[in-house]
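Notes follow the structure.
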Amino acid sequence: MGTMTIDGRKVEFTDEKNVLTVIRNAGIDIPTLCYHSELSTFGACRLCTVEDDRGKTFASCSEVPRDGMVIHTNTNKLRNYRKLIVELLLAAHCRDCTTCIKSGECVLQELAHRLGVRTVRFQNTREQHELDFSSPSIVRDPNKCILCGNCVRACEEIQGIGALGFAFRGTEAMVMPAFNKKIAETQCVNCGQCRAFCPTGAISIHTNTDKVFKALADPDIRVVAQIAPAVRVA
Ligand code: FES
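Numbering (the numbering used here), first residue to last: 2 to 235.
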């Protein structure tokens, strides 16, 4: 319990688990890609970065609120950081937005609009990967993955399955099933939680309805839910 100063305003907090929650509870909008209150904190996207009174920046989702903190959420420096982060993510992202199934509900697309990212100055040097259509419920497009890890944590922490994980490092880092198997070859139970938490078109609902209905009737395929409703808790 304590008080902090956010953008010049005194804000009280009680048991909020991080500074981001205090900021949002104060009615201040702050963009995020990798934070969900239902999942563990990952701190990957850095979009929630704020600045303290000494000019030090930190990810607000990963910082415990302390009494007397003074923070700024919308300085020039922070706006430029956020724009650059989105631009870099877009640079490493398949940008077929006009035909993407997630267009209109893609968080990255929405952020690019909101932050005024109109052009991308950097080349996409990431290796392109095949899409995985093997599952009756979801399609994985690794070329649209922004490595937020939401699908990995949702599968592990909500479903207790762990069908997805991180592989490789640096610019080669990817999310994939272990040993680069197809998703249908894993313990995936077709719940759709990964899709519900994915902010982009990297995981989408399978639109081949014949395949979906065939799978639902197949006793050998584990289906715990007929595509979970979109549980998107920011
Ligand atoms: Fe804080 Fe992504 S939301 S680092």
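The beta-carbon is built from N, C-alpha and C at its ideal position, and this holds for glycine as well. Bear in mind that the values here come from a model prediction, so they are computed numbers and not experimental data.
For Val12, the first and last residue of its enclosing alpha helix (DSSP H): Mapped onto the sequence shown, residue 12 falls at position 11. No alpha helix (DSSP H) contains Val12, which is instead part of the beta strand (DSSP E) from Arg10 to Phe14.
Own chain residues within Cβ distance below 6 Å of Cys195, not counting five before or after: Stepping through the sequence shown from its first residue, residue 195 is reached at position 194. The answer, listed in chain order, is Cys152, Ala155, Cys156 and Ile204.
Val234, buried or exposed, once every other Cβ within 10 Å from all chains shown has been counted against 16: The sequence position of residue 234 within the sequence shown is 233, counting from 1. Only weak support exists for where Val234 lies, its pLDDT of 41 falling under 50; the value from the coordinates is given anyway. Answer is exposed; the Cβ neighbour count stays below 16.
Near the ligand FES: Thr33 beta-carbon under 8 Å from a heavy atom: Against the sequence shown, residue 33 aligns to sequence position 32. Under cutoff, so the answer is yes.
Residues that Thr6 bridges to, as DSSP identifies them: As a working mapping, residue 6 is identified with position 5 in the sequence shown. For Thr6, which the question treats as bridged, DSSP gives the partners Lys11 and Val71.
Contact test: Thr74 Cβ vs the ligand FES heavy atom, cutoff 8 Å: As a position in the sequence shown, residue 74 is number 73, starting the count at 1. Not under cutoff, so the answer is no.
Any non-hydrogen atom of the ligand FES closer than 8 Å to Ser104 Cβ: Position 103 of the sequence shown, counted from the first residue, corresponds to residue 104. Because no heavy atom of the ligand FES lies under 8 Å away, the Cβ of Ser104 does not count as near it: no.
Contact test: Leu48 Cβ vs the ligand FES heavy atom, cutoff 8 Å: For the purposes of this step, residue 48 is taken as the residue at position 47 of the sequence shown. Flag set: Cβ of Leu48 near the ligand FES.
The segment 29-47 touching the segment 59-66, judged by at least three CB pairs closer than 8 Å: yes
Runs of alpha helix (DSSP H) wholly within the segment 166-203 (minimum 4 residues, chain order): Listed in chain order, they are 194-198.
Euclidean distance between Cα positions of Arg67 and Cys192: Residue mapping note: residue 67 aligns to position 66 of the sequence shown, counting from 1. Residue mapping note: residue 192 aligns to position 191 of the sequence shown, counting from 1. So the alpha carbons of these two residues sit roughly 38 Å apart.
Cys149 CB to nearest heavy atom of the ligand FES below 8 Å: As a working mapping, residue 149 is identified with position 148 in the sequence shown. Annotation for Cys149 indicates a beta carbon within 8 Å of some heavy atom of the ligand FES.
Neighbourhood of Gly117 by C-beta, 8 Å cutoff - its chain only, sequence neighbours within 5 removed: By one-based count along the sequence shown, residue 117 stands at place 116. The answer, listed in chain order, is Lys84.
Nearest candidate by alpha-carbon position, reference Glu128, set Lys145, Arg119 and Cys199: The residue you call residue 128 lines up with position 127 of the sequence shown. The candidate whose alpha carbon is nearest that of Glu128 is Lys145.
Nearest to Phe180 (by Cα), restricted to the options Phe14, Phe167 and Leu109: Position 179 of the sequence shown, counted from the first residue, corresponds to residue 180. It is Phe167 whose Cα lies nearest to the Cα of Phe180.
First and last residue of the uninterrupted alpha helix (DSSP H) at Val236: What the structure shows of the chain is the stretch from 2 to 235, and residue 236 is not part of that stretch, so it cannot be assessed.
Phe123: CB within 8 Å of a non-hydrogen atom of the ligand FES: Numbered from 1 along the sequence shown, position 122 holds the residue referred to as residue 123. No.
Cα-Cα separation, Gly105 to Ile206: For the purposes of this step, residue 105 is taken as the residue at position 104 of the sequence shown. For the purposes of this step, residue 206 is taken as the residue at position 205 of the sequence shown. Their backbone Cα atoms lie some 15 Å apart in a straight line.
Exposure of Glu52, with buried meaning 16 or more beta-carbon neighbours within 10 Å: In the sequence shown, the residue the question calls residue 52 occupies position 51. Classification for Glu52: buried.
Reduced DSSP secondary structure (H/G/I, E/B, other) of Arg141: Residue mapping note: residue 141 aligns to position 140 of the sequence shown, counting from 1. In the structure shown, Arg141 sits in a strand (DSSP, three-state: E or B).
Secondary structure of Lys103, DSSP reduced to three states: Working through the sequence shown from its first residue, we reach residue 103 at position 102. Three-state result, Lys103: coil.
Leu165 vs Ile147 beta-carbon contact at 9 Å: Taking the sequence shown and counting its residues from 1, the one referred to as residue 165 is at position 164. Taking the sequence shown and counting its residues from 1, the one referred to as residue 147 is at position 146. Their beta carbons are not under 9 Å apart, which means Leu165 does not touch Ile147 by this criterion.
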